[in-house]
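Notes follow once the structure below has been shown.
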Ligand code: C2E
Ligand code: CA
Ligand code: CA
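Numbering (the working numbering), first residue to last: 692 to 1419.
As C-alpha cells, this is what we get:
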C-alpha cells in the first residue's frame, strides 16, 4: 500500500520543477549577455584589426618613402658630384675614396658606391667607415643588386633623360636596410650611377614611429599577430624578423568598459539564477512536502501509519471492477473486542500501543496484495484479494482472530483483546465499494451480537433487518398517533385443550409501506426511544376494550421493564382499567425476570399494589433467566410461563423432560399456575398435560390472530376439537 513519498523523491521533483521554471530564464538572460559581449568583442576586434591594417599601410608607405629617400639622396649626390664623377669615369682611386667618403658621411649611408654604365659590379672601390668585416661581405650583395637594377633599367630604357631610381628594403645582418640607387645620365658621356645603403637602427625606427604617431615601432621575432610586417632578405626569403608596433586597439577601451559590466552581469545572472533556483526549489519542496504530507495524511491514519477509510475505499473501488467469481475480493471489517477496557484500565497510551500491536499482528497475516486499513478507534479493515471462495476469507478471518488473541505486554501488565469480523464478498455481495463496506459493517455487528471474537459473513437477511430497523426508527414515533398499531390475540388453553382460559395480547405494527411488522422488530427501539410507555399504555387500553367481548377469560398484556419501572405505572394501569371499565381481576400482566431482579424493592411495591387492585401477575419467559423459582417466590406472581426453549429441547434429551417435570411440579407446589408457551405438537401437549401443566399456549391451538378472528374462536363451542380429540 502507498506509503509517504520518500524525501529524496520530493527534493528531486522540486529541483526538477525549479530548474524548469528558473533555468530557461537564466539561460535566456545569459545567452543575451553572451551575444552582446561577443558582438562587442567582434566589433572591438574588427576595429583593432582595421587600426593595425592602417598602421601597416602607413609603415609600408613610410618604408617605400625611406627607400626613395635613399635613392633621391643618392641622385642628389650624383648631381652634386657630377662634375667630378661624371667627367672621368676612371678616377684616381685616392680621390674617388674621398668623394665617396664625403657622400657616405653626409648622406648617412652605411655604404656607397659608384658604378659605370655597364653596371657590372662596382666600377670603383667602396670605402667603408666602420665594420670589421670586408665591405663586400657586409654590403656587397646589396650594392651589386642595386647596380644590377640600374643597369637593367638602363638597358630596358636607354633614354638618358629619364631619371632612373631603384630601391628596396630588406632585413639582413640583423638590420633593416634601405637600398637605393640612382643613374645620372650624361648627354656627353656614358653617365654614372651611385648606389647606397642606409640602415634603419632603433633610433631611426623610433623617429619614424614618432613621425607617423605609431608607438613601439621596433624589430622583433615574427609571431602570429596582426601588428607586424614580416621582413624579407635579399633572396626574398622571410627571415626571423618583423617590424612590430604597439597595436592601438581602439576596441579595447570599449571592451575595458564593457567587460567588467559583462562579467558582473554574468555573475549577477548566475547568482540570480542560483538564488531563484534555490528559492523556487525551497518553495516547491515545501509545497510538495506539505502536499505529500497532506496527501499522506488524507489517506493515512496517523497512529498506525495504515491507510484510512478514504484511501481504503479508493483502493477497493480500484480493485472491484476486476473481481470475478474464483478471483474475487473479500472485505473484512474488524472491530476489536474489549478494547475499551484496555483503554479505561491502562490509559490511552497503552491503548495506542495495543492498537499498533494489533495492526502489526494483522498485517503479518496478509499477503502483499492485501490491504490493511485503520478506520479510527478500534476499527480496522482488510481488502483480501484473489479470493477463490468464501473459505479463503473465513481462513483469513480466523487467522486474524487467532493473531489478536495472545496477550499484549504493557510493561508489567498484560492486556487481552479480541476481534469481531464482518465479511462481505465481491462479486457475490456486489461490486460497489461503499455498498460492500456497508455490508461488511452489518456482518461485523452481527458478529458482535453473536458473542464476539468471531467472524460473520454478510447475509441478505441481516441487511433486511437493518433496513427495517431504519424504517422503524424513522416511523415508530408516528405509528401510535396514526393508529398503525394493532393487537393480535393468542389463546391460552386448558392442558387438555378443551377450553380457552386466557388470551395473550401481542402487538403488531401495520406499516403502510412495509406491511405487518412483528414486535421483536420494534419493541426494543420503542424502549430505546422512550416510546414504550406510550405504546404499553395503548396496548393495555386496547386489550381491555377488545376483551370486553370475551367474558370469563383473562387477558394478558406484556409489560416492558422500562414501562414497569415508571413510578406512575401502577397509576396508569389503574387509569386504563377505570377508563375502559374493565374488570381488574381479568387483567394479567406478563413481567420478565429482569423487572424484579433490577430493582427488587420497588418492583415488589408495585407488584403488591397491582395485586391489591386485583390484577394478576405472570412471570414470562421463565427458564431463560438466571433466577430460581425459590428466589422468585418472594414476589407475588400468580403464574409462571415456561419459555418455549424448554419444549424445544424436550424432544432431544430425556433430561429436559425431567427438568420440565420438576419445574412444573415446583411451580404447582408454590401455588402458581404453570403455563407452557410455544406448544406446537400434540406430543408436547400430551407430555405437558401429563406432568401437570395447567395451561398451554402455542401454534398447536392458534397463532396470534386479530380481534375479529378471536371473536369467532370465542364463539365456537369447541374451537380445538380436532386437537383435543386427538389429544384425548
Ligand atoms: P412473548 O411474550 O414470549 O410472546 C410469545 C411469542 O411467541 C409471540 O411472538 C408469539 O407469537 C410466539 N408464539 C406463540 N406460540 C408459538 C408457537 O407455538 N411457536 C412459536 N415459534 N412461537 C409462538 P410475538 O407475537 O412475535 O411476540 C414476540 C415478543 O414480543 C413477545 O414474546 C413479547 O416479549 C413481545 N411483545 C409482544 N407484544 C408486546 C407488547 O404489547 N408489549 C411488550 N412490552 N412486549 C410485547
Ligand atoms: Ca408474553
Ligand atoms: Ca414468553
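We treat Cβ as the ideally placed atom computed from N, Cα and C, and that holds for glycine.
| Item | Value |
| --- | --- |
| Residues bridged to residue 1071 by DSSP? | 1025, 1065 |
| So, for residue 1268: in the same chain, excluding its five sequence neighbours on each side, which residues have a beta-carbon less than 6 Å away from its beta-carbon? | 1275 |
| Just checking my contact of residue 1146 with residue 1096 at CB under 8 Å: how many whole Å lie between their CB atoms? | With a Cβ gap of about 13 Å, residue 1146 and residue 1096 do not count as contacting. |
| Does any heavy atom of ligand 2 sit closer than 7 Å to the C-beta of residue 1311? | yes |
| Using CA coordinates, which residue listed in 1119, 1108, 1286, 1004 is at the minimum distance from residue 1032? | 1108 |
| How long is the line joining the alpha carbons of residue 949 and residue 734, rounded to whole angstroms? | 12 Å |
| Taking the beta strand (DSSP E) that residue 1195 belongs to, which residues open and close that run? | 1191-1202 |
| Can you find a C-beta in chain C that's less than 8 Å from the C-beta of residue 1069? | This model lacks chain C altogether, as it is built from one protein chain only. |
| Which whole runs of the alpha helix (DSSP H) in the stretch 1280-1368 are 4 residues long or more, in chain order? | 1284-1289, 1291-1304, 1320-1323, 1335-1339, 1345-1360 |
| The alpha helix (DSSP H) that contains residue 1218, what's its start and end? | 1214-1219 |
| So for residue 1143, helix, strand or coil by DSSP? | coil |
| Measuring only the C-alpha atoms, how far is residue 643 from residue 1209? | Given that the chain is displayed from residue 692 to residue 1419, the structure contains no residue 643 and the question cannot be resolved. |
| Tell me the DSSP bridge mates of residue 874? | 855, 884 |
| For residue 832 and residue 841, I'd like the C-alpha separation in whole angstroms. | 14 Å |
| Counting C-beta neighbours from all protein chains within 10 Å, is the total for residue 1325 16 or more, i.e. buried, or is it exposed? | exposed |
| With DSSP as the reference, please indicate the residues paired to residue 1180 in a beta bridge. | 1196, 1396 |
| Using a Cβ-based criterion (distance less than 7 Å to any ligand heavy atom), does residue 1197 qualify as near ligand 1? | yes |
| Buried or exposed for residue 719, please, with buried defined as at least 16 other CB atoms from any protein chain shown within 10 angstroms of its CB. | exposed |
| Output yes or no for whether 8 Å exceeds the beta carbon distance between residue 1283 and residue 1330. | no |
| Based on the DSSP secondary-structure assignment, which residues constitute the bridge partners of residue 1091? | Answer by DSSP bridge pairing: none, since residue 1091 is not bridged. |
| Provide the residue(s) that pair with residue 1401 in DSSP beta bridges, ordered along the chain. | Partner(s): none; residue 1401 has no beta bridge. |
| Can you tell me whether residue 1183 sits near ligand 1, meaning its C-beta is under 7 Å from at least one heavy atom of the ligand? | no |
| Could you tell me the boundaries of the beta strand (DSSP E) in which residue 803 lies? | 802-806 |
| Does residue 1108 come out as helix, strand or coil in the three-state DSSP assignment? | coil |
| Between which two residues does the beta strand (DSSP E) harbouring residue 1245 extend? | 1245-1249 |
| My understanding is that residue 1253 touches residue 1218, with C-beta atoms under 8 Å, so please give their C-beta distance in whole angstroms. | 5 Å |
| For the alpha helix (DSSP H) containing residue 1056, name the first residue and the last one. | Taken as a continuous stretch (DSSP letters only), residue 1056 belongs to no alpha helix (DSSP H), as it is neither H nor E. |
| With a cut-off of 8 Å on the beta carbons, I'd call residue 705 and residue 972 a contact; round off their distance for me. | 5 Å |
| Heavy atom of ligand 2 less than 7 Å from the Cβ of residue 1249, yes or no? | yes |
| Using the Cα positions of residue 1294 and residue 1288, report the straight-line distance between them to the nearest angstrom. | 9 Å |
| Give the range of the alpha helix (DSSP H) segment to which residue 1009 is assigned. | 1000-1010 |
| For the alpha helix (DSSP H) containing residue 997, name the first residue and the last one. | Looking at the DSSP string, residue 997 is not in any alpha helix (DSSP H), and its letter there is neither H nor E. |
| I need the DSSP call for residue 822, collapsed to helix, strand or coil. | Bear in mind that the predicted position of residue 822 carries a pLDDT of just 41, short of 50, making it too unreliable to give a figure here. |
| Does the Cβ of residue 1281 lie closer than 7 Å to at least one heavy atom of ligand 2? | yes |
| Going along the chain, which residues of its own chain have a beta-carbon closer than 8 Å to the beta-carbon of residue 1405, five neighbours each way excluded? | 1191, 1240, 1241, 1244 |
| Using 7 Å as the cut-off, classify the Cβ of residue 1388 as near or not near the heavy atoms of ligand 1, replying yes or no. | yes |
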